[in-house]
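Asker: One structure, pasted below without further comment.
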Amino acid sequence: MQHSCAIAIVRVDENIDAKEGGATLESSTFRSVKGRKIKSFLFGNGGPTALVIGGIHGDEEPGVELAEELINYLSANQSVDSQGRVVVMPVANPDGLAVGTRVNARGIDINRNFPTKDFGTGYLGKNCYSGKSAASEPETVAILEMVSQFRPRIITAFHSELGCVNFDGPALKVAEMISKANGLPVRKELGYKTPGSLGTYYGVEQHKPVITLELLPEDEQWRRHKTAILMMIDLLVSSAKTPVKLVYNWDWKMPGRA
Ligand SMILES: [Zn+2]
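Remember, this note's numbering sits 646 above the position in the sequence shown when you count from 1.
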């Protein structure tokens, strides 16, 4: 199977404090409640940007794994030109990931803490507490600032484990394309309201395409989702008009987990 991917790598930074050529990603200032770094990885020089976020919920490891594998893939597959940018934040809630909780270290659900019009309404019980005020959590602020810095044309968040392609804003076509490639059904509604969620804030209220990819609890996330994710990136980049072909195959390796 062949697929094109037009993202060139400018800078991949395991240590976000290092400044090694290319664009500078000032995400060292982003820290969790407990002071853990919230790292981001930048691929590409500029142009239309995709922001990919894993680990908003710390007990949803498949999304972290998938984001890390995307980073590994983009690190290893450079193309000769760059027409777009991918920014990957693999672990938005590192404190939650460290102890296996959905919520952050203050017991707040980051995906209910965004400053939506309906913030603080709906079900706010255990594990879905919004916090007293919107954007009160540093993890939420990290995402908000990344979006305002990079102005992504599409935002994708990895969650688990509903096994579907959920979307907000003008993302039906992209969701359908992803669904075709990964075999998971498109679901516009998840059956419950999500006030204060990333999808509500950027998708419903700001009309940006937001994909919430609900993974299945299975091994080898990358194998299922690779084509879908790279197609999404290509679609974004082809809107920059000069596609660059890059062949990949199905060989892949598990990333090291820092
Ligand atoms: Zn989740």
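Using N, Cα and C, we set each Cβ at its ideal position, and we do this for glycine too.
#1: Can you look up Lys872 in the DSSP assignment and give me helix, strand or coil?
#2: Please indicate yes or no: does the CB of Ile702 lie closer than 7 angstroms to some heavy atom of ligand 1?
#3: What are the complete beta strand (DSSP E) segments, minimum 3 residues, inside the segment 707-788?
#4: Check whether the Cβ atoms of Ile801 and Glu783 lie closer than 8 angstroms to each other.
#5: Please list, in chain order, all residues of the same chain as Val787 whose beta carbon is under 8 angstroms from its beta carbon, the five residues on each side excluded.
#6: Using 8 angstroms as the threshold, is the segment 870-879 in touch with the segment 824-835, meaning 3 or more CB pairs across them?
#7: Looking at the secondary structure, which residues open and close the beta strand (DSSP E) in which Leu688 lies?
#8: Can you grab the Cα-Cα spacing for the pair Ala669 / Pro798, in whole Å?
#9: Starting from Glu860, trace the beta strand (DSSP E) both ways and give me its first and last residue.
#10: Using only alpha-carbon positions, find the residue among Glu860, Gly845, Gln867, Ser794 that is nearest to Cys809.
#11: Could you tell me which residues DSSP pairs with Ser806 in its beta bridges?
#12: Classify Ala722: buried if its beta carbon has 16 or more other beta carbons within 10 angstroms, exposed otherwise.
#13: Report whether the distance from the Cβ of Glu706 to the nearest heavy atom of ligand 1 is below 7 angstroms.
#14: Grouping DSSP H, G and I as helix and E and B as strand, with all else coil, what is Thr840?
#15: With a cut-off of 8 angstroms, do at least 3 Cβ pairs link the segment 755-775 to the segment 684-699?
#16: For the alpha helix (DSSP H) that Val820 lies in, which residues bound it at each end?
#17: Would you mind working out which of Ile789, Pro855, Lys819, Thr846 sits nearest Ile699, comparing C-alpha positions?
#18: Quick one: is His805 buried, meaning 16 or more other Cβ sit within 10 Å of its Cβ, or exposed?
#19: What residues match up with Thr695 in a beta bridge as DSSP calls it?
#20: How would you call Val734, buried or exposed, if buried means at least 16 neighbouring beta carbons within 10 angstroms?
#21: Short check: CB of Gly681 to CB of Val732, under 8 angstroms?
Answerer: Considering the structure as presented:
#1: Lys872 falls in the helix class under three-state DSSP.
#2: Under cutoff, so the answer is yes.
#3: For the segment 707-788, whole beta strand (DSSP E) runs of length 3 or above, ordered along the chain, are 731-735.
#4: Not a contact, by the Cβ cut-off of 8 angstroms.
#5: If the five residues before and after Val787 are omitted, its C-beta is found closer than 8 angstroms to the C-beta atoms of Phe676, Ala781, all from its own chain and listed in chain order.
#6: Segments in contact, yes.
#7: 687-689 is the span of the beta strand (DSSP E), which, as asked, contains Leu688.
#8: In this predicted model, Ala669 has a pLDDT of only 38, less than 50, meaning its place in the structure is not dependable; the value taken from the coordinates is given anyway. A direct Cα-to-Cα measurement between Ala669 and Pro798 gives close to 16 angstroms.
#9: Segment 856-861, the beta strand (DSSP E) holding Glu860.
#10: Note that residue 809 corresponds to Gly in the displayed sequence, not to Cys. Residue Glu860 is the option with its Cα nearest to Gly809.
#11: Answer by DSSP bridge pairing, in chain order: Leu861.
#12: Counting Cβ neighbours within 10 Å, Ala722 comes out exposed, since fewer than 16 surround it.
#13: Glu706 has its Cβ nearer than 7 angstroms to a heavy atom of ligand 1.
#14: Here Thr840 sits in coil by DSSP.
#15: As far as the Cβ criterion goes, the segment 755-775 does not touch the segment 684-699, which means the pair count is below three.
#16: Here the alpha helix (DSSP H) through Val820 covers 818-828.
#17: Each of Ile789, Pro855, Lys819, Thr846 was checked against the Cα of Ile699, and the nearest Cα belongs to Ile789.
#18: When all chains shown are included, His805 counts as buried.
#19: Among the bridge pairs identified by DSSP, Thr695 is matched with Arg731.
#20: It counts as buried.
#21: Going by C-beta atoms, Gly681 is not nearer than 8 angstroms to Val732.
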